[in-house]
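Heads up: the protein sequence lines correspond to chains A and B, in order. 1 is the number of the first residue of the first sequence in the numbering used here; add one for each residue after it. 118 is the number of the first residue of the second sequence in the numbering used here; add one for each residue after it. What follows is one structure encoded as structure tokens, with my remarks underneath.
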Amino acid sequence: EAGVVQSPRYKIIEKKQPVAFWCNPISGHNTLYWYRQNLGQGPELLIRYENEEAVDDSQLPKDRFSAERLKGVDSTLKIQPAELGDSAVYLCASSTPGLAENTGELFFGEGSRLTVL
Amino acid sequence: GQSLEQPSEVTAVEGAIVQINCTYQTSGFYGLSWYQQHDGGAPTFLSYNALDGLEETGRFSSFLSRSDSYGYLLLQELQMKDSASYFCAVLSGSARQLTFGSGTQLTVLP
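Given below as structure tokens:
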């Protein structure tokens, strides 16, 4: 069974440029998460989807970040315009509601490493 | 708010036993999870404790004391491949959100 797939794996852009990351979750996983991981830190939640609905986006910086999951499967996270402080690894994770809420088990992709110059 | 504390670095030798501690402060606590992440890799789930006590899964065990807001991950018979970052994460709140600690970098020496 394929795991969570993310692309691109690496992205280098100049500040003020836009960037987008794509995630395809594990088949059948209704819950999808975007996390940001700064160097030497743990993942921090940006947004959580249940199917196509964003059920928790309280930590998403909405002035420059946006996300969508139009058909309730794959998802895109966009940053526009990017700032130097956005350099981080953007992790996508998926799970089923029962699994995540009862065991804290999420399945992560390998992430998209963003460098903003 | 929520806070989790774990040591930033731990070093041990191959074959040894190491314990990674985690203390937390949160409201609406449900349980404590542990994740492993190799450099450049995806975090992978190791264990979950909702009740007090020790859970064993092969060479890895995880412990929780709800009254002390404390848990630990115990790694036995350390192998070189265990060199990685280990994160504790609390499952808490009405949304049952997973919040991660800053991670412990484990280095296993030959």
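C-beta: ideal position from N, C-alpha, C; glycine also. Fair warning: this is a prediction, and the values are worked out from it, not measured in the lab.
- Judged by pairs of C-beta atoms under 8 Å, the segment 58 to 71 of chain A does not touch the segment 123 to 142 of chain B, as fewer than three such pairs exist.
- Annotation: Cβ neighbours of F204(B) in chain A (cutoff 9 Å, chain order): G42 and P43.
- Between S182(B) and S164(B), the CB-CB gap reaches or exceeds 9 Å.
- D56(A) has a beta carbon lying within less than 9 Å of a beta carbon in chain B.
- Below the 7 Å Cβ cutoff, chain A contributes T103, G104 and E105 as neighbours of Y165(B), in chain order.
- Taking a C-beta cut-off of 7 Å against chain A, the contacting residues of the segment 140 to 160 of chain B are G148, S150, G158, A159 and P160, listed in chain order.
- Residues S120 of the same chain have their beta carbon placed closer than 6 Å to that of Q142(B), with the five preceding and five following residues left out of the count.
- Closer than 9 Å to the CB of A100(A) there is at least one CB belonging to chain B.
- Close to E53(A), with beta-carbon spacing below 9 Å, lies no residue of chain B; the smallest spacing is near 13 Å.
- Distance from the CA atom of T224(B) to the CA atom of K71(A), rounded to whole angstroms, is 43 Å.
- In this structure, the CA atom of L171(B) is about 15 Å from the CA atom of V135(B).
- Using a Cβ-Cβ distance cut-off of 8 Å, the segment 196 to 203 of chain B and the segment 81 to 99 of chain A are not in contact, since fewer than three pairs of beta carbons, one from each stretch, lie closer than that value.
- DSSP, reduced to helix, strand and coil, places T143(B) outside both helices and strands of the structure shown, so it counts as coil.
- Interface criterion not met: the Cβ of L32(A) is under 9 Å from no Cβ in chain B.
- In this structure, P97(A) keeps its C-beta atom at 9 Å or more from the C-beta atom of K16(A).
- Close partners of G220(B) in chain A (Cβ separation under 8 Å): G40, Q41 and G42.
- Non-local beta-carbon contacts of P18(A) in its own chain, meaning distances under 8 Å to residues more than five positions away in sequence, involve K78, I79, Q80, P81 and A82 in chain order.
- Less than 9 Å divides the Cβ of A133(B) from the Cβ of L195(B).
- Taken in chain order, the unbroken stretches of beta strand (DSSP E) that lie wholly in the segment 148 to 185 of chain B and span 3 residues or more are 161 to 166, 170 to 174 and 177 to 182.
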